[in-house]
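Data first, discussion second: the structure below is written as C-alpha cells.
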Amino acid sequence: MFTYTVRRLITMVPTLIAISVIIFVIIQLPPGDYLSTYVAELAAQGEGVNNERIAYLREKYGLDEPLWRQYLMWAGGLLRGDLGYSFEYQLPVSELIGDRLLLTFVISIVTILFTYAVAFPIGIYTAVRQYSIGDYTLSFIGFLGLATPNFLLALLLLYAANIWFGTSIGGLMDPQYVGQPWSWGKVGSVLAHLWVPVVVIGTSGTAAMIRRLRANLLDELQKQYVVTGRAKGLSPGRLLLKYPLRLAINPFIADIGNLLPQVVSGAAIISVVLDLPTTGQMLIGALKSQDMYLAGSFLMFLALLTVVGMLLSDLALAALDPRIRLEGKAAR
Amino acid sequence: MSSTTGQDGNGASGPSGAQPGARLGGPARGQIPHTVDDAPFQPAEETPMTPEQERLYRASQWRMMWWKLKRHRLAVASGVLLLLLYASTLVSEAIAPYDLHSRFTDHIYAPPQSLHLFHEGEFVGPFVYGYDYKLNMENLKREYTPDRTDVQPLRFFCSGDSYRFWGLVEADFHLVCPAKGGTLFLLGTDRLGRDMLSRIVYGARISLTIGLVGIAISFLLGITIGGAAGYYGGWVDVGAQRAIEIIRAFPEIPLWLALSAALPVTWSPLWVYFGITVILGLLDWPGLARAVRAKLLSLREEDFATAAQLLGARPPRIIFRHLLPSFASHLIASVTLSIPTMILGETALSFLGLGLRPPITSWGVLLSEAQNINVVALYPWLMLPVVPVIVVVLAFNFLGDGLRDAADPYG
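Respectively, the protein sequence lines represent chains A and B. So in the UniProt record's numbering, spot 267 of the first sequence is number 267, and the numbers just go up one at a time. So in the UniProt record's numbering, spot 125 of the second sequence is number 125, and the numbers just go up one at a time.
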C-alpha cells in the first residue's frame with residue numbers, strides 16, 4: 001500500500017507539469033497581452049498612459065521575454081506559492097482568489113457528500129425494487145436531472161423562490177457579512193445559503209451515480225451467492241448489505257475522480273447565475289480581458305483540485321480492493 | 001470419432017458383427033471395408049430448424065440488434081422523435097411562422113398567445129385572440145391582455161415572411177401563418193419583438209448539428225488514438241494513456257471557457273461555430289478512446305486477428321476492417337450517449353456568452369437572454385428554449401440506453 005501511494009504520487013508530477021503547460025499555452029493563445037489591450041483602451045478614451053508604470057510592469061513580469069521564459073517564471077512562482085499579479089485588479093492574485101478558492105473547495109466537498117447521501121439510498125432502493133412504481137418514478141426524476149442543464153435548474157430555483165417566497169437566494173451569505181472577517185455568524189449564514197448551489201450542482205452527478213449503482217447492484221443481485229445466502233436463511237437486509245452491496249460499491253468510490261471535475265465545472269457555471277463569490281465570474285472576466293496570471297492560477301488551482309481528488313479516490317479504491325494494487329504492479 | 005463406418009452398416013459388416021468380443025482388443029484385421037456415406041453431412045438433420053429459428057440463425061448481427069431495439073418502445077419512440085427533429089432542421093424556414101430576424105416593435109415582450117378552437121361557443125377552427133396593449137405608466141411595464149373580440153384565424157400552407165431557403169432560393173411558403181394583419185406568437189416574443197417559436201425552430205438547426213459535428217471529431221480521434229494504443233501497446237499505449245489522464249483531470253467547463261475565450265473575436269460567426277464544435281470534440285474523445293483501447297487489448301489476441309496478421313494485412317486494415325467492426329454496435333451506443341453532453345456544453349457556453357454569438361441562433365444563445373432573474377420573473381416565456389434542450393437530451397439518453405442493450409444480442 002505504501003509503495004502504491006508513493007508511485008501514485010510520483011505519477012502525479014508529470015501530469016501536473018503537462019497541465020500547467022497546457023494552461024499556459026491556452027491563456028497565451030489570444031494575440032496581444034493584457035497591457036497592450038489596456039493601453040489601447042486608455043488611448044481610445046483619450047486618457048494619458050502612465051508609460052513608466054506600464055514599462056515597469058512589462059519588465060517585472062517579463063511580458064517581452066520569449067514564451068518559455070514567461071512560462072518558467074510563472075511556474076516557478078507557483079511552486080514558491082506566488083500566484084502572480086492581477087493586472088486588472090492591480091492586486092496579487094493570492095489576495096484576490098484566496099477566499100473564492102476556499103468557498104469553491106467547501107462547495108465541492110459538500111456537493112459530493114450530498115451526492116452520496118442522496119444517490120446511495122435511492123440507488124439501492126431502485127435496484128432492490130426493480131420495475132416498481134418507485135423505481136420508475138425515481139429513475140425518471142434522475143433522467144430529468146441528467147437532462148436539465150445545471151444553470152437552468154439554478155434559474156428555475158431562483159424563479160420559484162422569487163415567485164413563492166419573494167426572496168432572492170443569490171449569493172452565498174447575507175449581505176451584511178460580505179467583506180467581513182470570518183465569524184460564527186458568517187459561517188451560519190454561508191451554511192444557510194449553501195444548499196441551493198449544492199442541490200443544483202449535485203443533481204446531474206447524483207442522477208448518473210444512481211443509475212450506475214442500480215446497474216451494478218442488479219448485476220450482483222442475480223449472482224448465485226445471493227441465492228445461496230437467501231437459501232441459507234440470511235435476512236434480506238443483512239444479505240444485501242453484507243455481500244452484493246460491497247461488491248457494487250467499488251465503482252462508486254472510483255467515481256470520485258469523475259465527480260470532482262464535474263462538480264468544479266458545475267460550480268463555475270452556477271456561480272455566474274447565482275452570483276456566488278466563487279470562481280465563475282472572475283474566471284470568465286479574467287479570460288476575456290487576458291488577465292493571464294489571474295486566469296492561469298485559477299485554472300491551475302481547479303486542475304490541482306481534481307488531480308488531488310482523483311488521487312484520493314485511487315487510494316481509497318486501493319485500500320478497499322487489493323486487486324487494484326496488484327494490477328498496478330503487474331503492469332510495470 | 002474412431003474408424004468411420006456408416007450408421008446404416010450394410011451386409012458387409014455383418015461377419016465382423018458376429019464376433020464382438022474379438023473387436024475389443026484392437027481393430028479387426030482387414031475385415032471391415034472402408035465405407036463412406038454419400039449423403040450430404042447435415043448435423044441439424046435430427047432436429048430440423050423451424051422457419052423461426054432459421055431466421056434467427058441466419059440473421060446478421062445488425063438485424064438482431066434491430067429486432068432487439070424494436071422491443072424497447074421508449075428507445076424507438078425517442079429515435080423517431082429525434083429523426084423528426086433532425087428532419088425539421090432541413091425545412092426550418094417553412095415550419096417557422098416568421099423569419100428568424102423579423103422584428104415587431106409593437107409587440108416587445110409579448111406573452112404567448114394561446115390557441116383556441118371555439119369563439120363564443122361557435123367553432124371557427126384554430127385561431128388566436130389579438131393583443132390589447134397598455135403601457136403601465138407606474139413601472140413602465142408593457143401589459144398585454146388578449147382582446148376577446150379580435151379573432152384571428154390561422155392560415156395554413158400560406159405565404160408569409162419571405163426568406164432565402166438555405167440561403168439560396170427565394171421563397172415565402174410557410175406551414176402556418178398569422179391572419180392578415182394579425183399576429184401569431186404562440187411562445188411570446190423577446191426583447192426585440194421577435195417570435196420565440198420561430199427562433200426556437202431555427203435554433204434547432206445549430207443546436208442539433210453542433211453535437212453531430214463535435215461527436216464526429218471526437219469519434220475520429222477516439223478510435224484512432226484508442227485503436228493505436230490498444231493495438232500497438234508499448235510506448236504508444238503509455239503516451240495515449242497519459243494524454244487521456246491529463247485531459248480527464250481538467251474540469252471541463254473552465255477549460256471550454258478558456259479555449260473559447262481564445263477564439264479570435266474577429267472570426268465570423270460561422271467560424272466560431274466550427275471552433276466551438278472542434279473544442280467540444282477535442283475534449284470529449286478520452287472516454288471513447290479508453291473504451292476502444294480496452295476492447296482492442298483483448299480482441300487483438302483473438303485467432304481472427306492473428307489470421308489477418310499472418311495474411312499480411314497492415315495494422316490500420318486490421319484495426320478498422322477486422323477489430324473495430326466486432327464492437328461497432330457498442331461504439332454507436334456510447335456515441336449516442338455522449339451527443340447530449342455536447343448539446344448541453346454548447347448551451348452552457350453560449351449561455352455564458354463565450355460560445356456562439358448572434359446572429360447565429362442556437363438554443364443556448366436564446367437562453368442567454370434569460371440570464372437575468374428579473375427578466376425571467378417578468379417574462380418567464382424566455383426560458384422556453386429549455387424545453388427542447390431537455391427533450392432532445394432525454395431522447396438521446398433513452399435511445400442510447402436502448403442501443404446499448406440491443407448491442408448485446410445474446411444478452
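Each residue gets a CB set at the ideal place from its N, CA and C atoms; glycine is no exception. All of these numbers come straight from a predicted model, not from anything done at the bench.
Can you give the Cα-Cα distance for T266/B and R357/B, rounded to whole angstroms? 12 Å
Using a Cβ distance threshold of 8 Å, determine whether the stretch 215-228 of chain B contacts the stretch 212-230 of chain A, with at least three qualifying pairs required. no
In this structure, does DSSP put T228/A in helix, strand or coil? helix
Pick from F127/B, P254/B and R164/B: whose alpha carbon is nearest that of A348/B? P254/B
Assuming S313/A contacts I253/A (C-beta within less than 8 Å), just tell me the rounded distance between them. 6 Å
Might you give, ordered along the chain, the residues of its own chain that have their beta carbon closer than 7 Å to the beta carbon of L142/A, omitting 5 neighbours on each side? With the sequence shown as reference, residue 142/A is identified as Gly, and Leu is not the correct amino acid for it. So the qualifying residues of the chain are A207, I210 and R211.
Closer than 7 Å to chain A by CB, P269/B: no
Candidates L78/A, A44/A and V39/A, of which the one nearest E88/A by Cα: V39/A
Taking the alpha-carbon positions, what's the M1/B to F304/B distance? Because the pLDDT at M1/B is just 36, under 50, the model does not fix this residue reliably, and the value given afterwards should be weighed accordingly. So the two alpha carbons sit approximately 27 Å from each other.
Per-residue contacts from L354/B into chain D (C-beta, under 9 Å): No chain D is part of this structure, whose protein chains are labelled A and B.
At least three beta-carbon pairs within less than 8 Å, the stretch 147-157 of chain A to the stretch 385-393 of chain B: yes
So what does DSSP say about V265/B, is it helix, strand or coil? coil
Boundaries of the alpha helix (DSSP H) in which H330/B is found, first to last residue: A328 to F351
Chain B contacts from the stretch 145-164 of chain A (Cβ-Cβ distance under 9 Å): L146, A147, T148, P149, N150, F151, L152, L155, L156, L158, Y159, N162 and I163
Taking contact to mean at least 3 C-beta pairs separated by less than 8 Å, is the stretch 295-314 of chain A in contact with the stretch 5-14 of chain A? yes
Does the beta carbon of P277/A come closer than 7 Å to any beta carbon on chain B? no
Taking its Cβ as the centre, do 16 or more other Cβ atoms sit within 10 Å of L78/A, making it buried, or is it exposed? buried
Distance, F250/B Cα to G84/A Cα: 21 Å
Just to confirm, are P97/B and C177/B a CB contact at a threshold of 7 Å? yes
Sequence ranges, beta strand (DSSP E) only - wholly within the stretch 109-154 of chain B, length at least 3: 116-119, 122-136 and 141-153
Distance, Y144/B Cα to G130/B Cα: 10 Å
Verify the CB distance criterion: does I108/B have a CB-CB separation below 7 Å to chain A? no
Cutoff 7 Å; reference Y202/B; Cβ partners in own chain excluding five residues on either side: S92, A96, L100 and T361
Nearest to L187/B by CA position, among M196/B, K180/B, R164/B and R314/B, is which residue? M196/B
Where the beta strand (DSSP E) through H174/B begins and ends: V169 to C177
Between which two residues does the alpha helix (DSSP H) containing H193/A stretch? W184 to L221
Judging by CA-CA distance, which residue of P197/A, V264/A and Y159/A is the nearest neighbour of G375/B? According to the sequence displayed, residue 375/B carries Val and not Gly. Minimum Cα distance to V375/B is reached at Y159/A.
Return the residue from the list L96/A, L283/A and T115/A that minimises the CA-CA distance to P197/A. T115/A
Among the candidates L221/A, I107/A, F301/A and S86/A, whose CA atom is the shortest distance from the CA of S289/A? S86/A
Which runs of the alpha helix (DSSP H), 4 residues or longer, sit entirely within the stretch 189-228 of chain B? none
Quick check on this structure: which residue in A308/B, E346/B and D284/B has the alpha carbon closest to the alpha carbon of V335/B? D284/B
So, does the CB of L85/B fall closer than 7 Å to a CB anywhere in chain A? no
Tell me which same chain residues have a C-beta within less than 7 Å of the C-beta of L344/B, skipping the five on either side of it? V393
Threshold first: 4 residues or longer. Then list the alpha helix (DSSP H) segments lying entirely within the stretch 370-404 of chain B, N to C. 373-378
Only counting the same chain, and skipping five residues up and downstream in sequence, which positions put a Cβ closer than 8 Å to that of L337/B? F396, N397, G400, D401 and R404
Taking Cβ positions, are P340/B and L367/B nearer each other than 7 Å? no
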